[in-house]
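Let me begin by presenting the structure, written as structure tokens, before commenting on it.
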Amino acid sequence: MDNAALAEFLRARRALVRPKDVGLGDAGDARRRVTGLRREELALLAGVSADYYVRLEQGRGHRPSESVLESLARALRLDEELTEHLYALARPAPTATRTRERVSDTVQELLDAWTTTPATVTSRRMNVVGSNALACELASCYVPGTNLLRAVFLDPGTRETHVDWNAAASDAVANFRARIGTERNDPELTELIGELSLHSQEFRELWARHDVRTTTAGAKSFRHPELGVISLRFHAMPLEDGQVLTVLHARPGSPDEQSLALLATMAATRHRGH
1 MDNAALAEFL RARRALVRPK DVGLGDAGDA RRRVTGLRRE ELALLAGVSA DYYVRLEQGR
61 GHRPSESVLE SLARALRLDE ELTEHLYALA RPAPTATRTR ERVSDTVQEL LDAWTTTPAT
121 VTSRRMNVVG SNALACELAS CYVPGTNLLR AVFLDPGTRE THVDWNAAAS DAVANFRARI
181 GTERNDPELT ELIGELSLHS QEFRELWARH DVRTTTAGAK SFRHPELGVI SLRFHAMPLE
241 DGQVLTVLHA RPGSPDEQSL ALLATMAATR HRGH
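The structure is reproduced here in structure tokens:
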């Protein structure tokens, strides 16, 4: 297993558990030298020896048993997806996962056929590998060739486009972790994470949390320079080789639907001009 990755995950998630959340009360919180639970407290909650847990956090422990992993997940208050990630970290290191950085012709034809529905396809590395004209008109970060993480954290224009930038940033990092799983052998992923960590404090803080979340549906609001705020729903669906198709739409009969129709007209006009 990847001892270092497991140790990093355990440290990060332990720091997010507040003593009062697990029935330890607030006494002495002001004198605490650590964020979240102490190692000894978590070991007690998980029913393992403090020495064994310390070795795990130092990357020196042997592979935990299924029962120990279950106890750690419960003590750390992990949800289902985070628990699966914990189990994956405790398994033998995986081989490199195939990553496709080009959208198929068939999928691109489908995207182009949706002239009134913004849609994109992104790769495991969060690169936009396909989109339609309406998505590009909605937000510049959806132009093919853009990396969504770089756009969200390093592009001021993308920050302005997202009405709730904090939610967009948090979701982007958590979804990125869910997509790459325990992959550690991809030089491009390493370069991307290093670049973002170097240039964005917000990314460093979110990355350090080790949140893992696959968001398949939700809502996003975009700030368009000509049409103002457009609030849309989205659905994300997995394709082959780690790619994800994301489709956005407005509530029927809403002002956002009218704005989307105007945006579609603008996109069509611009496309004819090109």
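Residue 112 in the UniProt record's numbering sits at position 112 of the sequence shown, and the numbers go up by one each step. By construction, the Cβ of each residue, glycine as well, lies at the ideal position given by its N, Cα and C atoms. No experiment lies behind these values; they were computed from the predicted model shown.
Item, Value
"Could you give the distance in angstroms between the alpha-carbon of glutamate 66 and the alpha-carbon of glutamate 41?", "21 Å"
"With 16 other CB atoms within 10 Å as the buried threshold, where does alanine 27 fall?", "At alanine 27, the pLDDT of 48 sits below 50, so the modelled position is not reliable and the matter cannot be decided from this model."
"Taking the alpha helix (DSSP H) that glycine 157 belongs to, which residues open and close that run?", "156–161"
"Mind checking who phenylalanine 234 pairs with in its DSSP beta bridge?", "Gly218 and Leu248"
"Could you tell me the boundaries of the beta strand (DSSP E) in which glycine 130 lies?", "128–131"
"Around the Cβ of valine 143, are there at least 16 other Cβ atoms within 10 angstroms (buried) or fewer (exposed)?", "exposed"
"Count the other CB atoms, across all protein chains shown, that sit within 10 Å of the CB of lysine 20; report buried if there are 16 or more and exposed otherwise.", "exposed"
"Entirely within the stretch 13–72 and at least 4 residues each: give me those alpha helix (DSSP H) ranges in chain order.", "39–46 and 50–57"
"Is the separation between the beta-carbon of glutamate 57 and that of alanine 178 shorter than 8 Å?", "no"
"Is histidine 199 helix, strand or coil by DSSP?", "helix"
"Run through DSSP, which three-state label would threonine 115 get?", "coil"
"Tell me histidine 224's beta-bridge partners as DSSP assigns them.", "Gly228"
"With distances taken Cα to Cα, identify the nearest neighbour of glutamate 160 among Cys141, Asp171 and Asn147.", "Cys141"
"Go ahead and pull the three-state DSSP assignment for valine 121.", "strand"
"DSSP on asparagine 147, reduced to helix/strand/coil?", "strand"
"Could you tell me whether the Cβ atoms of leucine 248 and proline 118 are closer together than 8 Å?", "yes"
"Spatial neighbours of phenylalanine 9 within its chain, please: C-beta separation below 8 Å, excluding the five flanking residues on both sides.", "His85, Leu86, Leu89 and His210"
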